[in-house]
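Written out below as structure tokens is the structure these notes cover.
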Amino acid sequence: MLARYTSLQEQVEGPGGLLARSQKIEEGWGSTYLEVLNMRSHLLARRGAREEAKQLAEKALRLFDEGRIPANVVEDFVLADFLARAMILAARDKDKARAERYLLRLAELPGRNTRTAEYVEKLAEAEREWGGEEAYAARMTWWLRRVGPSDPSWAPVLYTLALNQSLRKETRPAAAQSYEQLLSAYEKNPPPAGVGWPNIQTHCWLNLADLYSEDSAGLRNMPRARELAQRYLDATKDDKSAAVQRNRAKMEELLRAAEPGAPR
70 MLARYTSLQE QVEGPGGLLA RSQKIEEGWG STYLEVLNMR SHLLARRGAR EEAKQLAEKA
130 LRLFDEGRIP ANVVEDFVLA DFLARAMILA ARDKDKARAE RYLLRLAELP GRNTRTAEYV
190 EKLAEAEREW GGEEAYAARM TWWLRRVGPS DPSWAPVLYT LALNQSLRKE TRPAAAQSYE
250 QLLSAYEKNP PPAGVGWPNI QTHCWLNLAD LYSEDSAGLR NMPRARELAQ RYLDATKDDK
310 SAAVQRNRAK MEELLRAAEP GAPR
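The numbering used here puts the last residue of the sequence shown at 333; the count rises by one with no breaks.
Rendered as structure tokens:
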């Protein structure tokens, strides 16, 4: 398959090919050509040929930047695919400045703000490959400081960071702080549209109740754990899904264990 895509690319780009004869990439062959570049870059990246994959993604981005691709030729998601791949490849090469530029372009694409949090996490995960958990947390925190609670990506990014922090005993206090920061951010001001706040909020209650009911990280705070468990139960009383029912059973057990005279 890679050989076929390579052959198609060479036909378009070779001497006398369509790319040389046309100032603008035209509808029809143009969308196919960009799909070929996209798939070749994807396959090369999967095979570990990062430099060649990066060059292909950047070749496509230059065509966009030079105005050679009219709006009717491709959808915005095609540009987003190239930007996201170029961002990840730059991050894996430890080129943080270039990766940041691609991320900021992704965040500015029309209609892509609902996926910005996903792109931020992908960048953080790519940097974690060489920088460990500190690099992951640093990238997520960098974005949070850049945008603030009024941005639709802020809450999902902070929630994802909190989930990651809760996985290790030494960072669970930071996870509790992140969850509390999320809950307090929208106490007086409504969250921005598109955040999915009710779902994030109930999961903050659930996860914080768990953290405050355990002893391992020095976070035990049973009054707060009971308060949060009850909020979760009140908010989900009409939800019959299996996952929520399991969580409700856990919160009900937490409340029973906290009752006076309950076995310790």
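Just so you know, even glycine gets a beta-carbon here, dropped at the ideal spot from N, CA and C.
- Counting only residues of its own chain and dropping the five nearest sequence neighbours on each side, D162 has a CB closer than 8 Å to the CB of R119, K123.
- Around D308, the same chain offers no residue with a beta carbon nearer than 6 Å, after the five sequence neighbours per side are excluded.
- D279 sits in a helix when the DSSP states are folded into three classes.
- The DSSP-derived three-state label of P292 is helix.
- Between E177 and the set A204, A207, S222, A195, the nearest pair of CA atoms involves S222.
- Taking the Cα positions, T229 is about 11 Å away from T210.
- Its chain contains Y281 as the residues whose beta carbon lies nearer than 8 Å to that of N290, once the 5 sequence neighbours on both sides are disregarded; these appear in chain order.
- In the same chain as S247, and ignoring 5 residues on each side of it, the C-beta atoms closer than 7 Å to its own belong to L227, L230, A231, Q234, in chain order.
- Between R241 and A206, the C-beta gap is not smaller than 7 Å, which leaves the two residues out of contact.
- Secondary structure at E328: coil, using DSSP grouped into helix, strand and coil.
- Note on geometry: alpha-carbon atoms of P179 and D145 lie some 8 Å from one another.
- Counting only runs of 4 or more residues that sit fully inside the segment 231-284, the alpha helix (DSSP H) segments are 241-254, 266-281, in chain order.
- Using a 10 angstroms sphere on the CB of D279, the tally of other CB atoms reaches 16 or more, which defines it as buried.
- Within the same chain, Cβ atoms closer than 6 Å to the Cβ of A160 are found at A168, L192, A195, E196, the five residues on either side in sequence being excluded.
- Shortest Cα-Cα distance from L173 to any of V216, R237, A114, N316 involves V216.
- Around the CB of G136, fewer than 16 other CB atoms lie within 10 Å, so the residue is classed as exposed.
- Of the residues assessed, T101 falls on the exposed side of the cut-off, its CB having fewer than 16 other CB atoms within 10 angstroms.
- A153 and A204 have their C-alpha atoms some 19 Å from each other.
- The three-state reading of DSSP puts E187 in helix, counting H, G and I together.
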